[in-house]
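Mind the numbering: the sequence shown is residues 19 to 359 in the numbering used here, read in order.
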Amino acid sequence: TLRVFSGMQPTHNLHLGNYLGAMVNWIKMQDTHECIYCVVDLHAITLWQEPKDLRRHIRDVTASYLACGLDPKRSIIFNQSQVAHHAELAWILNCVARLGWLNRMTQFKEKAGKDKEAASIGLYDYPVLMAADILLYRATHVPVGDDQKQHLELARDIAQKFNVDYAGEIEAAGYKDGFFPLPEPFITGPATRVMSLRDGTKKMSKSDPSDLARINLVDDADTIAKKFRKAKTDPDALPSEVEGLKGRPEADNLVGIYAALAGKTAADVLKEFGGSQFSAFKPALIDLAVAKLSPIAAEKRRLEEDPTYIDGVLADGAARARAIASPIFRQVKEIVGFVSA
Ligand code: ATP
Ligand code: MG
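Have a look at this one:
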């Protein structure tokens with residue numbers, strides 16, 4: 019079977035990068051795959067979260083999932099901490115993953131900042147927990163943004179090493195091609211890496227302290243307009259060919275955003291806007307973004323009036339996730355050599 023797993027951290031509301039880099043593919047894959055979409059709160063606490071904010075963000079992100087078009091009947095939508103096997107499998111995989119592999123992870127280096135000694139061990143271990151999330155469901159496809167590519171490769175390495183280390187037990191249990199399928203990254207579309215509106219060399223992030231750096235899915239029309247108007251650009255007109263965007267990260271980013279929202283290629287967008295100044299392009303971008311995002315914001319506002327419904331979606335999702343995860347995890351324990359009651 020084709021099974022999708024992916025998640026987002028409830029560290030803040032979702033933004034345009036989350037939407038264009040991952041969510042657009044999540045929505046499409048509901049038609050072709052069995053989909054499991056998680057709100058990864060265990061990941062969120064790798065950096066400090068105020069408990070009352072975390073609680074709110076978990077419900078907010080869930081409501082945004084639904085508002086974007088995830089269907090809780092077709093897809094499993096749940097909250098990571100409600101399914102205990104994620105943390106349990108992460109422990110076992112901690113003993114499979116190698117220190118040298120984790121030392122190469124660039125996200126840790128960025129998020130830990132200068133004082134690595136003061137980072138939480140959870141932040142360092144983040145990629146192993148992510149591997150556990152995926153492998154716990156024996157998922158085959160993982161739609162994410164470009165920034166998660168390295169973590170996905172690590173998840174494949176962990177799956178591969180588990181399959182090799184325990185090959186004897188795995189074969190004896192009747193699995194011919196290893197126990198964990200190697201999960202395929204699914205990173206496609208014209209905006210797999212949306213950049214900050216303030217700095218074209220940094221990705222748009224929930225954790226960026228400047229709210230002007232990102233378009234949140236809940237931003238109203240005025241806020242969207244203000245943020246794009248203030249977005250950093252260079253003084254030149256837009257080129258008429260994609261090659262002309264080289265070395266112009268801010269222009270490249272805004273054209274990519276337009277293309278992704280319009281469902282076009284960057285080349286098409288430049289056919290239309292090549293030669294235009296940003297003063298002409300930005301209003302078109304604002305209109306398009308407002309048209310695409312305001313229905314999502316409106317639906318999210320409607321959903322957040324009923325937190326009982328949101329909590330119900332998460333409870334139902336957790337039960338369905340557990341039903342898939344439990345037998346897989348039981349098998350993992352057996353393969354490793356644990357004795358079950
Ligand atoms: P944080 O700053 O807390 O890490 P984030 O903005 O990076 O938040 P995540 O929850 O870590 O968001 O990531 C959720 C999904 O969104 C992942 O698939 C990730 O690859 C994708 N994603 C995050 N930022 C971007 C971006 N700027 N462009 C495209 N995809 C992105
Ligand atoms: Mg992130």
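Glycine residues also receive a C-beta, built at the ideal position from the N, C-alpha and C atoms. As the structure is a computational prediction, the values presented were derived from the model and not from experiment.
The ligand ATP has a heavy atom closer than 7 Å to the beta-carbon of Val212. The ligand MG never approaches Ser297 closely enough for any of its heavy atoms to be under 7 Å from the residue's Cβ.
Our two residues, Leu38 and Gly330, have alpha carbons roughly 27 Å apart in a direct line. The closest CA to that of Ile242, considering only Glu202, Ala307, Ile328, Ala341, is found on Ala307. For Glu322, the enclosing alpha helix (DSSP H) starts and ends at 296-322. Burial state of Leu20 is exposed, judged by a 10 Å Cβ sphere holding fewer than 16 other Cβ atoms. Contact annotation: Leu154 and Ala177 have beta-carbon atoms that are not nearer than 8 Å. Here Asn43 carries a helix assignment [DSSP, helix/strand/coil]. The residue from Val160, Asn234, Gln168 with its alpha-carbon nearest to that of Leu34 is Asn234. In the three-state DSSP reduction, Gly25 falls in the strand class (E or B). With respect to the C-alpha of Ser214, the residue from Phe204, Leu230, Leu200 having the closest C-alpha is Leu230. Residue state for Ile110 is assigned as helix, using DSSP reduced to three classes. Around the beta carbon of Trp66, fewer than 16 other beta carbons sit within 10 angstroms, so the residue counts as exposed. Here Glu68 carries a coil assignment [DSSP, helix/strand/coil]. Under the three-state reduction of DSSP output, Pro161 falls in the strand class.
Inclusion of Ala40 and Glu317 in the CB contact set at 8 Å is not warranted, their separation being larger than that value.
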